[in-house]
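There are 2 protein chains.
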Amino acid sequence: MIPESRQDDKAIARAANSRLVHDFGLLIKSATLLEQRIDSALRRECGISHTMMEVLIRLCRRPGEEVSQRHLADDLTLTSSGTTRLIDRMEESGLVRRVASPEDRRVALVEPTEDGRRVFLRAADIHAHVVERYFVEPLARDDYTRLTSALSEIHKALREDVT
Amino acid sequence: MIPESRQDDKAIARAANSRLVHDFGLLIKSATLLEQRIDSALRRECGISHTMMEVLIRLCRRPGEEVSQRHLADDLTLTSSGTTRLIDRMEESGLVRRVASPEDRRVALVEPTEDGRRVFLRAADIHAHVVERYFVEPLARDDYTRLTSALSEIHKALREDVT
DNA sequence: AGTCAATTGCTGAGTACTCAACTAAATTCT
DNA sequence: AGAATTTAGTTGAGTACTCAGCAATTGACT
Numbered sequence: 001m002i003p004e005s006r007q008d009d010k011a012i013a014r015a016a017n018s019r020l021v022h023d024f025g026l027l028i029k030s031a032t033l034l035e036q037r038i039d040s041a042l043r044r045e046c047g048i049s050h051t052m053m054e055v056l057i058r059l060c061r062r063p064g065e066e067v068s069q070r071h072l073a074d075d076l077t078l079t080s081s082g083t084t085r086l087i088d089r090m091e092e093s094g095l096v097r098r099v100a101s102p103e104d105r106r107v108a109l110v111e112p113t114e115d116g117r118r119v120f121l122r123a124a125d126i127h128a129h130v131v132e133r134y135f136v137e138p139l140a141r142d143d144y145t146r147l148t149s150a151l152s153e154i155h156k157a158l159r160e161d162v163t
Numbered sequence: 001m002i003p004e005s006r007q008d009d010k011a012i013a014r015a016a017n018s019r020l021v022h023d024f025g026l027l028i029k030s031a032t033l034l035e036q037r038i039d040s041a042l043r044r045e046c047g048i049s050h051t052m053m054e055v056l057i058r059l060c061r062r063p064g065e066e067v068s069q070r071h072l073a074d075d076l077t078l079t080s081s082g083t084t085r086l087i088d089r090m091e092e093s094g095l096v097r098r099v100a101s102p103e104d105r106r107v108a109l110v111e112p113t114e115d116g117r118r119v120f121l122r123a124a125d126i127h128a129h130v131v132e133r134y135f136v137e138p139l140a141r142d143d144y145t146r147l148t149s150a151l152s153e154i155h156k157a158l159r160e161d162v163t
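Going down the list, the protein sequences come from chains G and S. Going by UniProt numbering, the first sequence opens with residue 1, and the numbers climb by one from there. Going by UniProt numbering, the second sequence opens with residue 1, and the numbers climb by one from there.
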């Protein structure tokens, strides 16, 4: 049995040291750290989480646009249940309000309150600062452009087959 | 007061539609989707989470190397408390075991069991498949190289100032 | 029109994390 | 050597998700 075990050892070490595994780990780790950095800055300075900021960004993009919870869930990679509770918390802190849709009585439209818009404006500043510092600054101009286009491709591939 | 409000409207729309905000969102979203994809594949095929897989990768890298929980926590971007419970679950499912360090009686070294190594070997296959499909395939060879080097830079910047 | 299927949002139960406070061991300072 | 500080890991309480299952509403098929 020892020779078979030695065979495995080789395969195991090879798999654990694979280039792909390392690179993928780097992506996940960088994204996690970056999100944590933004999240704690936003919590400290504006009292909102990074996820709440993503909601506000979505809601402020086109003023007057009707945005349902389902829509938000898709955009934020959340389940509908997670979204319900997220909007609950945001409504409770007065950042957004739910409005019944006139066309479809199932959907709850979400819109920012005046206060939500005010908080968003302050948060956008913090957000920009952190993104600038850790996402743009470390990269050469060209690399930044290529990074984002690479991410677009990856994102497209992920969206395309919803297996 | 209306003119002031209109002023804000402009600033709000500009902030919400900023290029940086969009690009950063893309990074976070791609990473999240990618991780979810891997996580569900691993759970379905091998009964382990993506986080557990990251632990196994770390433990199988250099066989015989002493890896403490602290070490794992740093590598996985987890708190020590999160790591304790993660290793609890992994120990319970027989994937790893805790061994007291002979040099420092505070530290708990973590090592993979035979079963853990077996599971890792199967999981590495799934892992490689998904990474290949959504991380490598969508990109031209050059773009892949540049993407990973850009990520390295970002990661370095994040590591450097631990503000 | 009447049933069947799909979709929206909500809720209970469970999971996987965080933070703060703790113990025990090791290290540093004097 | 002894006190003060730092570090490793654990625990309790809280947070923010997920999944499965629900009711209400809408749309599609005949």
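Even for Gly, the Cβ is constructed at its ideal location relative to N, Cα and C. Note that this is a predicted model, so its numbers are computed, not measured.
Reduced DSSP secondary structure (H/G/I, E/B, other) of residue i
i	result
Asp9/S	helix
Beta-carbon proximity of residue i to residue j, cut-off 8 Å
i	j	result
Leu86/G	Leu78/G	yes
residue 171/S	Ser152/G	The requested residue 171/S is not part of the displayed model; chain S covers only 1 to 163.
Leu42/S	His127/S	yes
Ser68/S	Ala108/S	yes
Ile154/S	Ser30/G	yes
Ile48/G	Val130/G	no
Leu72/G	Val110/G	yes
Arg146/S	Asp143/G	yes
Asn17/S	Arg58/G	no
Pro120/S	Leu76/S	Per the sequence presented here, residue 120/S reads as Phe, with Pro not at that position. Cβ distance not < 8 Å, so Phe120/S and Leu76/S don't count as in contact.
Arg97/G	Thr113/G	yes
Arg70/G	Ser81/G	no
Cys46/G	Arg117/G	no
Lys10/S	Pro138/G	no
Phe24/S	Phe135/G	yes
Ser101/S	Glu65/S	no
Met52/S	Met90/S	yes
Any non-hydrogen atom of the ligand HEM closer than 7 Å to residue i Cβ
i	result
Asp142/S	As for the ligand HEM, it is missing from this structure, which has no ligand bound.
Item to check | Continuous alpha helix (DSSP H) assignments of at least 4 residues falling wholly in the UniProt domain "HTH marR-type" (17–156) of chain S | outcome: 19–46, 50–61, 69–76, 80–92 and 114–131
Checklist entry - Taking a cut of 8 Å between CB atoms, which residues from the region 8–19 of chain G lie near chain S? => result Asp8, Asp9, Ala11, Ile12, Ala13, Ala15, Ala16, Asn17 and Ser18
Checklist entry - In chain order, what residues of the region 42–72 of chain G put their CB closer than 9 Å to some CB of chain S? => result His50, Glu54, Leu56, Ile57, Arg58, Leu59, Cys60, Arg61, Arg62 and Pro63
Next on the checklist: Using a Cβ-Cβ cutoff of 9 Å, what residues of the region 21–32 of chain G are near chain S? List them in chain order.
Outcome noted: Val21, His22, Asp23, Phe24, Gly25, Leu26, Leu27, Ile28, Lys29, Ser30, Ala31 and Thr32
Item to check | Residues of the region 129–144 of chain G with Cβ closer than 8 Å to any Cβ of chain S, in chain order | outcome: Val131, Glu132, Arg133, Tyr134, Phe135, Val136, Glu137, Pro138, Leu139, Asp143 and Tyr144
Next on the checklist: Can you pull out the residues from the region 110–121 of chain S whose beta carbon lies closer than 7 Å to at least one beta carbon of chain G?
Outcome noted: Arg117, Phe120 and Leu121
Item to check | Where the region 78–108 of chain S meets chain G: residues whose CB sits under 8 Å from a CB there | outcome: none
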